[in-house]
Amino acid sequence: MKMKLINMALILLPFLGFAQLTPNVVYDPTQAGNMSTQISNTSKQIVQLEKSLEYMQKASDALSNVSGYVRDISAIREISTMYQESISMASRIRTDVNKIKNVENKTRIVSNVSDVLKSLNTGLTFVNKVLTNDFFKMSDKERLDLLNEERRKVLLKRAKLASFLN
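Structure follows, in C-alpha cells:
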C-alpha cells in the first residue's frame with residue numbers, strides 16, 4: 276500500500292509546478308489548474324478504493340460462504356487498475372499538452388480530459404458507495420451488473436484518454 280502511495284506521489288510530483296513552467300501559454304489556466312485538482316482527487320478516490328479492496332480481501336478470506344465474492348473482488352481490482360491507468364494517461368496528457376502549438380487544440384484537449392476526470396471521479400465515488408453500503412445485501416447478479424456497467428464506463432473513458440496520447 277505504501278508503494279502505491281509512493282508511486283502515485285512520484286507520478287504527480289512533476290506536475291506540481293506545471294503552471295510555472297509555461298508562462299507564455301495562451302489557454303485557460305484555470306481549467307489546467309482544475310485538472311491538477313481532479314487528478315489529485317481521483318488519486319485519493321483510488322486510494323480509498325484500494326483500502327476497500329484490502330478490507331474485502333480480508334473479509335473474503337474469513338467468509339467463504341459468500342457466493343461470488345472472490346469473483347467480485349477480482350472485478351473490482353480490474354476496475355481499480357483501469358482507474359489507475361486512466362489517471363496515469365491523464366498525467367501524461369497534461370505533460371504532452373505543452374508541446375501542442377495550436378491553442379484551440381490545447382484548450383479542447385484540456386477541456387475533454389477535465390471532463391473525463393470528472394466522470395472518473397464520479398464513477399469512483401459510486402464504486403466506493405457500492406462497496407460500503409449494503410454490498411453483502413445485494414444479489415450476485417446485482418453486484419455483477421453494477422460492476423460490469425462501471426467496467427464498461429471506465430474502459431470507454433480510458434480509451435478516450437488514450438486517443439489524446441497519440
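Mapping to our numbering: the sequence shown position 27 is 302, numbers consecutive. Where a beta carbon is used, it is the ideal one built from N, C-alpha and C, also for glycine.
| query | result |
| --- | --- |
| Would the segment 418-432 and the segment 377-386 be scored as touching if the rule is three or more Cβ pairs under 8 Å? | no |
| Classify Ala365: buried if its beta carbon has 16 or more other beta carbons within 10 angstroms, exposed otherwise. | buried |
| Could you give the DSSP three-state label for Asn377: helix, strand or coil? | coil |
| Would you kindly check if the distance between the Cβ of Thr317 and the Cβ of Ile351 is under 8 Å? | no |
| According to DSSP, simplified to helix, strand and coil, what is Asp303? | coil |
| Between Gln313 and Lys374, which are expected to be in contact by the criterion C-beta below 8 Å, what is the C-beta distance as a whole number of angstroms? | Not confirmed; about 21 Å, so no contact. |
| Rounded to whole angstroms, what's the CA-CA distance from Gly308 to Arg426? Just pull it up for me. | 28 Å |
| Is Ser363 helix, strand or coil when you go by DSSP? | helix |
| Verify whether the separation of the beta carbon atoms of Leu324 and Leu399 is less than 8 Å. | yes |
| Please report how far the alpha carbon of Leu328 lies from the alpha carbon of Lys376, in whole angstroms. | 42 Å |
| Please name the residue in Lys404, Lys326, Glu424 and Thr382 whose C-alpha comes closest to that of Met310. | Thr382 |
| Residues in its own chain within less than 8 Å of Ile368 by CB, not counting five upstream and five downstream? | Ile384, Val388, Leu436, Phe439 and Leu440 |
| Tell whether a beta-carbon distance below 8 Å holds between Ile348 and Gln332. | yes |
| Drop a sphere of 10 angstroms on the beta-carbon of Tyr330, count the other beta-carbons inside from all chains shown, and report buried for 16 or more, exposed for fewer. | exposed |
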